[in-house]
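Residue numbers (the numbering used here): 36 to 164.
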């Protein structure tokens, strides 16, 4: 969490307030946000399933990224009044609208990744339900 008076925060607000591309990248940027969005594109997921599908991310970072995307309106969180508690995440309409953006980024990465780093298996084209 940054101080509200930090120069870094002021610069970020200035850039995001004046540049639509920077605003978009700020919403979906981060190491794990694209992977989370990709998984939720196929339907709602319980927190535990999402956690299992991303074994390399720490619980703290996953929760932080989920909260940021919820705050930005990209995903919604539903808590079921059960014991043990069950929490599900799903894309909002705003989150679903990112489908073409994610597909274009995937295509660009596949075309421009250095040959030595090319994947043997490509990410499938995203089709949001």
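C-beta: ideal position from N, C-alpha, C; glycine also.
Under 8 angstroms between C-beta atoms of residue i and residue j
{"i": "residue 137", "j": "residue 90", "result": "no"}
{"i": "residue 133", "j": "residue 72", "result": "yes"}
{"i": "residue 140", "j": "residue 75", "result": "no"}
{"i": "residue 104", "j": "residue 110", "result": "yes"}
Inter-residue CB distance, residue i and residue j (contact presumed, cutoff 8 angstroms)
{"i": "residue 80", "j": "residue 124", "result": "6 angstroms"}
{"i": "residue 78", "j": "residue 100", "result": "That belief does not hold up - the Cβ atoms of residue 78 and residue 100 are roughly 19 angstroms apart, past 8 angstroms."}
Exposure of residue i, with buried meaning 16 or more beta-carbon neighbours within 10 Å
{"i": "residue 98", "result": "exposed"}
Alpha carbon of residue i to alpha carbon of residue j, nearest angstrom
{"i": "residue 63", "j": "residue 120", "result": "28 angstroms"}
{"i": "residue 86", "j": "residue 122", "result": "12 angstroms"}
{"i": "residue 42", "j": "residue 149", "result": "36 angstroms"}
{"i": "residue 54", "j": "residue 61", "result": "11 angstroms"}
{"i": "residue 3", "j": "residue 116", "result": "With the chain covering 36 to 164 only, the question about residue 3 has no answer from this structure."}
{"i": "residue 52", "j": "residue 107", "result": "15 angstroms"}
Completely contained alpha helix (DSSP H) runs for the segment 50–76, where each covers 4 or more residues = 55–63, 68–75
Enumerated in chain order, which unbroken segments of the beta strand (DSSP E) with a length of 3 residues or greater are wholly contained in the segment 79–127?
-> 110–115, 121–126
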